[in-house]
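Below: the structure, in structure tokens.
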Amino acid sequence: SLYSVFTVLFIYFTCISTVQTTDCLHLREQCINAGNRCESVWNVVEDNCNISVLGNRCKAEDTVGCNRIIQVLVDDYPEFKNCVCPTDDICSITTLLGKQCGINKDNINTETKLQWGLSALSKQGKSYTTNRSCLDVNRECVEDEVCNKQLSLYLKICSVNKKCNMEECQAAIRFFYQNMPFEVAQMMIFCDCIQHDESCHRAKELLHGKPCAVSVLPPPSCLNVIHMCEENELCRKEYTAFRSKCWRHVTKKCYSDEACLETLIKDDMPCSANADCKAAYISNWGTMLHMECTCQNLPPMEQPLCELFHHMLHSKSCFR
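Residues -21 to -1, 1 to 299 in mature numbering (1 follows the signal peptide of the UniProt record, and there is no 0) are what the sequence shown spells out, letter by letter.
Here it is as structure tokens:
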């Protein structure tokens, strides 16, 4: 099949014989400077193999499309067949493009942060308040060149018009919110809508990664979400920070002792609600802690602890 051809080519292109080796970067420079069709083909390679899945620089967004254009490049310019690439077939795209490969666990991108410094929203951020209309917030982002560019990258990955990849969408949300100024992130995450304003609710879903990053059917129990989070290095780190910044007395009294936590009543749990707490809450977005969870259909003995976790993860009462 055509797909098999692409796959074989991709494996071949990745696991090249080391008898005759050629430097990818050198070939790339020759191609770009040749002043012939090679540069045009290369530009298409750049577009199709661009590392654009935010939060994971080792993964091309459209591997099949990338394979297709690599086939064209290799057919027309056979010297690229001998390009030295790592054994990891995904990261070989990165080497081919001359980009440093590595997973940025904290999703902090210096170039993106510098771009946000040019944003009008960034300059006005300190004057914004929370609980603004999500429709207004979305409109202001779209009208701002920097914000619109970053929003478009995020929505391209989390679009409802294509099959949802929750992991990639969550990575895009982390990248989007963790690289923007804190005041702008607050404005977007804590925006809200009146009950029957459908346009506002659509804008809110776009800004908050719904449904792709947060919705699973059937929804998991909040207990399972916490347990899964504690088994994941990134999520566990964010959850620990969130508890210590927002629910300090819970951490101090019980830490992870579920029997102790069961003795607490959610209505009697003060949240610190300071800037550090809000920053920790924002950092949860794009992790499994941000997923919608439920306490329905649980055994009665598990209900109180589940409701406590649901309150901690999804109640915004302490931020209002």
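C-beta atoms are modelled at their ideal positions from N, C-alpha and C, and glycine is treated no differently.
Practice task
Kindly give me the distance between the Cβ atoms of Cys208 and Cys201, rounded to whole angstroms, as I take these residues to be in contact under 8 Å.
Solution key: Not confirmed; about 10 Å, so no contact.
Exercise for the section: Please go through the same chain and pick out, in chain order, the residues whose beta-carbon is closer than 7 Å to the beta-carbon of Met145, but skip the five residues on each side of it. Expected result: Sequence-distant Cβ neighbours of Met145 in its own chain, meaning closer than 7 Å and more than five residues away, are Cys191 and Ala192.
Handout entry: Pro160 to Val51 span [Cα, whole Å]
Key = Roughly 42 Å between the two C-alpha positions.
Exercise for the section: Per DSSP, which residues does residue 342 bridge with? Please list them. Expected result: Missing from the structure shown is residue 342; the chain here goes from -21 to 299 and no further.
Practice task
Could you check what DSSP says for Ser123 in three-state terms: helix, strand or coil?
Solution key: The sequence given here has Asp at residue 123, not Ser. Looking at Asp123 - three-state DSSP - the assignment turns out to be coil, as it is neither helix nor strand.
Problem - Below-8 Å beta-carbon distance, Glu58 vs any chain D residue - result: Here there is only one protein chain, and chain D is not present.
Handout entry: When Cys179, Ala258, Cys172 and Leu196 are compared against Gln157, the one with the closest alpha-carbon
Key = Answer by Cα proximity: Ala258.
Practice task
Give the DSSP bridge partners of residue 325, in chain order.
Solution key: Outside the displayed range of the chain (-21 to 299) lies residue 325, so it cannot be described from this structure.
Exercise for the section: Answer with buried or exposed for Val24, where buried requires no fewer than 16 other C-beta atoms within 10 angstroms of its C-beta. Expected result: Buried.
Handout entry: Contact set for Asp255: own chain, Cβ-Cβ below 8 Å, skip 5 residues either direction
Key = So the list reads Lys224, once near-sequence residues are dropped.
Exercise for the section: Could you tell me the distance, in whole angstroms, from the CA atom of Glu119 to the CA atom of Leu134? Expected result: One C-alpha to the other measures close to 16 Å.
Exercise for the section: Note down, in chain order, each residue of its chain lying with its Cβ closer than 7 Å to the Cβ of Ser251, except the 5 sequence neighbours on either side. Expected result: Answer for Ser251: Lys224, Cys225 and Arg227, listed in chain order.
Practice task
Return helix, strand or coil for Asp171, following the three-state DSSP convention.
Solution key: In the structure shown, Asp171 sits in a strand (DSSP, three-state: E or B).
Handout entry: Backbone secondary structure at Ser112 - three-state DSSP
Key = Assignment of Ser112 by DSSP, reduced to helix, strand and coil, places it in the strand class.
Problem - For Asp54, three-class secondary structure by DSSP - result: Asp54 falls in the helix class under three-state DSSP.
Exercise for the section: Please check the pair Trp264 and Ile152, which I expect to be a contact at CB under 8 Å, by giving their CB distance rounded to whole angstroms. Expected result: Separation of the CB atoms of Trp264 and Ile152 is rounded to 5 Å, and the pair is thereby assigned contact status at 8 Å.
Practice task
Pick helix, strand or coil for Asn12, following the three-state DSSP scheme.
Solution key: Note: Asn12 maps to helix in three-state DSSP.
Practice task
Report, in whole angstroms, the separation of the C-beta atoms of Ser178 and Leu114, which I expect to be a contact under 8 Å.
Solution key: So it is a contact: roughly 6 Å between Cβ atoms.
Exercise for the section: Please determine, among Val163, Pro198, Thr242 and Val116, the residue with the shortest C-alpha to C-alpha distance to Lys92. Expected result: Minimum Cα distance to Lys92 is reached at Val163.
Problem - Extent of the continuous alpha helix (DSSP H) run through Lys224 - result: Unbroken alpha helix (DSSP H) run through Lys224: Glu212 to Cys225.
Handout entry: Buried versus exposed, by CB contacts within 10 Å (16 or more), Asp123
Key = It is buried - the Cβ of Asp123 has at least 16 other Cβ atoms within 10 Å.
Exercise for the section: Indicate the three-state DSSP secondary structure (helix, strand or coil) for Asn263 in the structure shown. Expected result: In the three-state scheme derived from DSSP, where H, G and I count as helix and E and B as strand, Asn263 is classed as helix.
Practice task
Classify Val195 as helix, strand or coil using the three-state DSSP reduction.
Solution key: Coil at Val195, not helix or strand.
Practice task
Using three-state DSSP, classify Leu284 as helix, strand or coil.
Solution key: Residue state, collapsed to three classes: helix.
Practice task
Would you mind sorting Ile49 into buried or exposed? The rule is 16 or more other CB atoms within 10 Å of its CB.
Solution key: Note on Ile49: 16 or more other CB atoms within 10 angstroms of its CB, so buried under the neighbour-count rule.
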